[in-house]
Amino acid sequence: MSEFLAMGGYGFYVWGAYAVTALLLAGEVAAVRTRLKNARRAAQSGEDER
Amino acid sequence: MTSINWARYASPVSFFPLATRLARGFGFAAAALAIVGLWLGLVVAPTDAQQGDAYRIIFIHVPAAWMSMFLYAVMAAWCAVSLALNARLSAMMAQALAPTGALFTAIALWTGALWGRPAWGTYWAWDARMTSELILLFLYFGYMALRHAIDDPRRADRASAVLALVGVVNLPIIYFSVKWWNTLHQGASVSLTSAPKMAAIMLIGMLVMAFAAWFYAIAVTLTRVRAIILERERRAGWIGDLAGAAR
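So the protein lines, in turn, are chains F and V.
Heads up: take any position in the first sequence, counting from 1, add 457, and you land on the working numbering.
Heads up: take any position in the second sequence, counting from 1, add 1343, and you land on the working numbering.
Right, here's the structure in full:
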């Protein structure tokens, strides 16, 4: 397992690439979900005003 | 034979439920492919004879770089349709694609830097491939900033579409940069006209990851376009029902 994490001495580069990519994608998914939730709420409350 | 009336889906209200279903399907497919691709790339594929394990960055770098260019092309195509037909759903699709395109561009640059250091001894060089990819990131940012700066969405559609279409000239520059100039960056990894230069398992892992990235982009973009439809069509009568049904 530690051998796997070491990546033959290139662990910093390989995991740095994979970890930042995973964080960015997770962040985008969370941001898009929040945006949809807020848009839905605003659209529904807009209907109540009419 | 039944035929599908595709023009029906040019209207946001009929497109919305379709986008909901498609986003879910492509999201699951992307997750499944990513698991297989990561397993192939990090576990199954052998260590490279020259580069050691540093080459494993290829499994995200190349798919991200492909997507960065492909999404720009798709975005520009939707911009062209929105200008030519004055179709607002097309403009919304372009608007929804931009952040994901910028994200993949940033990932391509970041993973490229982390690969460049062990492979070439430097994180960054102002060579043609890297510089034109950085310009691509600025084109995405410029497109989003211009949209943001114009309050009227229909005017923002037109102005940003023109910007996106002008920026298309950068795509062939990125793609052919490794041929036209002497670049630190290596030539194309995969070519349709010649035999693959890499081991089959590495190529398969990379292609699986490319499909995962593609399906991810489709799922996220369709989810974002749903939000954009709700935001922009707020005053339309049907939007309240749609919001309620949009689980």
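Backbone N, C-alpha and C fix where the C-beta goes; we use that ideal spot for every residue, glycine too.
Starting from the C-beta of residue i, find all residues in its chain whose C-beta is less than 7 Å away, skip the five residues before and the five after it, and write them out in chain order.
i	result
V:L1506	G1485, Y1486 and L1489
V:R1351	S1357
V:N1513	S1475, I1478, L1479 and L1482
V:V1424	A1430 and S1433
V:A1353	A1430 and L1432
V:F1558	F1369, A1372, A1373 and L1376
V:P1496	R1575
V:A1492	none
Just the Cα atoms here: how many angstroms apart are residue i and residue j?
i	j	result
V:I1571	V:L1383	36 Å
V:R1578	V:A1407	37 Å
V:V1551	V:A1375	10 Å
V:M1545	V:A1388	6 Å
V:A1381	F:K494	The residue you asked about is not Ala; residue 1381 of chain V is Leu in the sequence shown. Each residue's alpha carbon lies about 31 Å from the other.
F:S502	F:A496	10 Å
V:A1372	V:A1449	23 Å
V:T1363	V:A1542	39 Å
V:A1434	V:F1413	17 Å
F:L480	V:A1499	31 Å
V:Q1438	V:K1522	32 Å
V:L1428	V:C1422	10 Å
V:L1585	V:R1569	10 Å
V:W1441	V:Y1415	With the sequence shown as reference, residue 1441 of chain V is identified as Ala, and Trp is not the correct amino acid for it. Their backbone Cα atoms lie some 7 Å apart in a straight line.
V:A1461	V:M1549	Looking at the sequence provided, one finds Pro at residue 1461 of chain V rather than Ala. Looking at the two C-alpha atoms, the distance is approximately 20 Å.
F:G466	V:S1532	24 Å
V:Y1518	V:Y1398	21 Å
V:D1494	V:V1417	24 Å
F:R498	V:I1516	43 Å
V:W1463	F:F469	16 Å
F:L482	V:L1385	19 Å
V:K1540	F:T491	43 Å
V:M1436	V:W1467	33 Å
V:I1361	V:L1446	Note that residue 1361 of chain V is Leu in the sequence shown, not Ile. Between V:L1361 and V:L1446, the C-alpha separation is close to 25 Å.
V:S1537	V:V1379	26 Å
V:G1444	F:A500	27 Å
F:A463	F:A488	32 Å
F:D505	F:V486	In this prediction, F:D505 has a pLDDT of 49, which is less than 50 and means its spatial position is unreliable; what the coordinates show is noted afterwards. Roughly 29 Å separates the two Cα atoms.
Would you mind working out which of the options sits nearest residue i, comparing C-alpha positions?
i	options	result
V:S1503	V:A1353, V:A1375 and V:L1426	V:L1426
V:G1530	V:G1510, V:T1465 and V:R1472	V:R1472
V:D1470	V:G1368, V:L1527 and V:A1553	V:L1527
V:A1556	V:V1509, V:A1353 and V:F1369	V:F1369
V:A1377	V:I1403, V:A1392 and V:M1410	V:I1403
F:G473	V:G1455, V:A1392 and V:Y1518	V:G1455
F:V471	V:Q1394, V:L1573 and V:W1458	V:W1458
F:Y475	V:G1395, V:I1401 and V:A1392	V:I1401
V:A1553	V:M1410, V:R1399 and V:P1360	V:M1410
V:V1509	V:V1405, V:T1390, V:P1360 and V:A1420	V:A1420
Excluding the 5 residues flanking residue i on each side, which residues of the same chain have their C-beta closer than 8 Å to its C-beta?
i	result
V:L1452	M1473, E1476, L1477 and L1480
V:A1392	none
V:Q1394	P1461 and A1462
V:F1359	R1569, I1572, L1585 and A1589
Excluding the five sequence neighbours on either side, which residues of its own chain have a C-beta within less than 6 Å of the C-beta of residue i, listed in chain order?
i	result
F:R507	Bear in mind that the predicted position of F:R507 carries a pLDDT of just 40, short of 50, making it unreliable; the figure below should be weighed with that in mind. Nothing meets the Cβ criterion.
V:A1366	A1562, L1565 and T1566
Looking at residue i and the ligand FMN, is the gap between the Cβ and the nearest heavy atom below 7 Å?
i	result
F:V486	In the structure shown, the ligand FMN is absent, as is every other ligand, since no ligand is present at all.
Q. Of all the alpha helix (DSSP H) runs that stay within the bounds of the segment 1473 to 1519 of chain V, which reach a length of 4 or more residues?
A. With a minimum length of 4 residues, the continuous alpha helix (DSSP H) runs that stay inside the segment 1473 to 1519 of chain V are 1496 to 1510.
**Q.** Proximal residues, the segment 1369 to 1400 of chain V versus chain F, C-beta separation under 7 Å
**A.** For the segment 1369 to 1400 of chain V, the set of positions with a beta-carbon nearer than 7 Å to some beta-carbon of chain F reads T1390, G1395, D1396, A1397, R1399 and I1400 in chain order.
(Q) Please list, in chain order, the residues of the segment 1445 to 1460 of chain V that have any C-beta partner in chain F closer than 8 Å. (A) Within the segment 1445 to 1460 of chain V, L1446, A1449, I1450, W1453, T1454, L1457, W1458 and R1460 place their CB atoms closer than 8 Å to a CB of chain F, listed in sequence order.
Q: Scan the segment 1424 to 1481 of chain V and note each continuous alpha helix (DSSP H) run of 4 residues or more that stays entirely inside, going in chain order.
A: Secondary structure within the segment 1424 to 1481 of chain V: the alpha helix (DSSP H) runs of 4 or more consecutive residues, fully enclosed, are 1431 to 1463 (chain order).
Q. Got a sec: which bits of the segment 1517 to 1546 of chain V sit with their beta carbon under 7 Å from any beta carbon on chain F, in order along the chain?
A. The segment 1517 to 1546 of chain V vs chain F, Cβ under 7 Å: nothing.
Q) Unbroken beta strand (DSSP E) runs of length 3 or more, entirely within the segment 1350 to 1407 of chain V: which are they? A) If you keep only unbroken beta strand (DSSP E) runs of at least 3 residues inside the segment 1350 to 1407 of chain V, you get nothing at all.
Q: Anything in the segment 478 to 490 of chain F with a Cβ closer than 8 Å to a Cβ of chain V? List those residues in chain order, please.
A: Per Cβ criterion, the list reads T478, L481, L482, E485, V486, V489 and R490.
Q) If you measure beta-carbon to beta-carbon, which residues of the segment 1418 to 1447 of chain V are closer than 8 Å to chain F? A) Only P1442, T1443 and L1446 from the segment 1418 to 1447 of chain V bring a Cβ to less than 8 Å from some Cβ of chain F.
Q: Quick one: which residues of the segment 1567 to 1579 of chain V get their C-beta closer than 7 Å to a C-beta of chain F? List them in chain order.
A: Listed by position along the chain: R1567, R1569, A1570, L1573, E1574 and R1577.
Q) Relative to chain V, which residues along the segment 460 to 471 of chain F have a C-beta separation below 9 Å, given in chain order? A) Listed by position, the residues of the segment 460 to 471 of chain F near chain V (Cβ gap below 9 Å) are F461, A463, M464, G465, G466, Y467, G468, F469, Y470 and V471.
Q) Listed from N- to C-terminal order along the chain, which residues in the segment 1483 to 1497 of chain V have their beta-carbon within a distance smaller than 9 Å of any beta-carbon of chain F? A) Those residues of the segment 1483 to 1497 of chain V that come within reach of chain F (Cβ to Cβ, closer than 9 Å) do not exist; the list is empty.
Q. Taking Cβ-Cβ distances below 8 Å as the criterion, which residues of the segment 1552 to 1566 of chain V are in contact with chain F?
A. Listed by position along the chain: Y1559, V1563 and T1566.
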